[in-house]
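Visitor: What follows is a single structure, and I will ask about it in a moment.
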Amino acid sequence: MDLPQPVIELDDLTLRRFNGEADLPELFRVIEESLEHLRPWMPWVAEHSLAKTTEFLASRPERWASGEDFTYAVVLDGAIVGSCGLFRCGDTPASGREIGYWLHPAATGRGIATRTARALVEQAFRLPGVDYVEVVHDAANRASGAVPARLGFIEHLRRPAERLAPAETGEDQIWRLTRRQAEALAAANMC
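Straight run, no breaks: the sequence shown in numbering that gives the first Met the number 0 ends on number 190.
Structure, rendered in structure tokens:
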């Protein structure tokens with residue numbers, strides 16, 4: 000099976016596979032510092048703990064090897080500033096992948112999420128049989144929605160969703176970019 004690159008260099012920004020226990024202290028600190036920023040939108044924050052972060056990091060190698068979930072540390076100037084991933088949810092067809100991302104509040108507003116998402120899209124289309132990539136977020140989370148909009152994703156649909164985090168409205172907004180759309184965008188940017 001073809002797998003995404005384990006390290007993606009983007010000038011001052013690097014996406015790299017998590018390094019298990021070696022990343023635990025830094026990732027835990029970044030999450031701790033980001034709790035109030037993440038709490039409105041990220042349901043997992045309600046259960047955040049050192050044990051949960053340890054469990055998360057321990058599960059990454061197996062999930063990567065299975066092709067189920069490719070999770071990266073977002074590293075800026077040598078320091079972890081967030082996490083991003085390329086994954087397939089249980090009900091997603093084999094031809095689709097979803098991307099997700101979160102950043103420390105000090106790293107927002109600088110184009111990092113957009114650059115990160117662009118790199119994940121490129122990795123997704125390296126995988127055999129992947130025809131589209133989606134970003135799914137609560138409709139009220141405008142910051143998360145701005146990223147796919149900047150990258151040429153099209154709003155695909157909205158659907159009811161269980162409210163799992165405090166600011167969620169109960170409506171998912173789903174953005175989609177097909178391989179064909181991505182190729183056309185790349186060709187247009189080369190002219």
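Glycine included, each C-beta is placed from N, C-alpha and C at the ideal position.
Suppose only complete runs of 4+ residues qualify. What are the alpha helix (DSSP H) ranges in the region 47 to 107, listed by chain order?
Guide: As far as the region 47 to 107 is concerned, its whole alpha helix (DSSP H) runs of at least 4 residues are 49 to 65.
Visitor: Which residues mark the beginning and the end of the alpha helix (DSSP H) in which residue 24 is found?
Guide: 19 to 37 is the span of the alpha helix (DSSP H), which, as asked, contains residue 24.
Visitor: Which residue's Cα is closest to the Cα of residue 25: 2, 6, 68, 75?
Guide: Answer by Cα proximity: 75.
Visitor: Verify the CB distance criterion: does residue 84 have a CB-CB separation below 8 angstroms to chain C?
Guide: Any reference to chain C falls outside this structure, which holds one protein chain only.
Visitor: Tell me whether residue 159 sits in a helix, a strand or coil according to DSSP, three-state version.
Guide: The answer is strand: DSSP assigns residue 159 an E or B state.
Visitor: According to the Cβ coordinates, are residue 47 and residue 56 closer than 8 angstroms?
Guide: Not a contact, by the Cβ cut-off of 8 angstroms.
Visitor: If you count every other CB in all the chains shown that lies within 10 Å of the CB of residue 143, and 16 or more means buried, which is it?
Guide: By the neighbour-count rule (16 or more Cβ atoms within 10 Å), residue 143 is buried.
Visitor: Buried or exposed for residue 114, please, with buried defined as at least 16 other CB atoms from any protein chain shown within 10 angstroms of its CB.
Guide: Classification of residue 114: buried, given that the 10 Å Cβ count is 16 or more.
Visitor: Output needed for residue 12: all residues of its chain with C-beta closer than 8 angstroms, excluding positions within five of it in sequence on either side, in chain order.
Guide: Closer than 8 angstroms at Cβ, skipping near neighbours: 73, 74, 75, 111, 114, 115.
Visitor: Look up residue 174 in the DSSP assignment and say whether it is helix, strand or coil.
Guide: Strand at residue 174.
Visitor: Pick helix, strand or coil for residue 15, following the three-state DSSP scheme.
Guide: DSSP places residue 15 in strand when its eight states are reduced to three.
Visitor: Starting from residue 137, follow its DSSP beta bridges and name the residues at the other end.
Guide: In the DSSP output, where bridge partners are listed per residue, residue 137 has 171.
Visitor: Could you pull the start and end residues of the alpha helix (DSSP H) that residue 119 belongs to?
Guide: 111 to 123 is the span of the alpha helix (DSSP H), which, as asked, contains residue 119.
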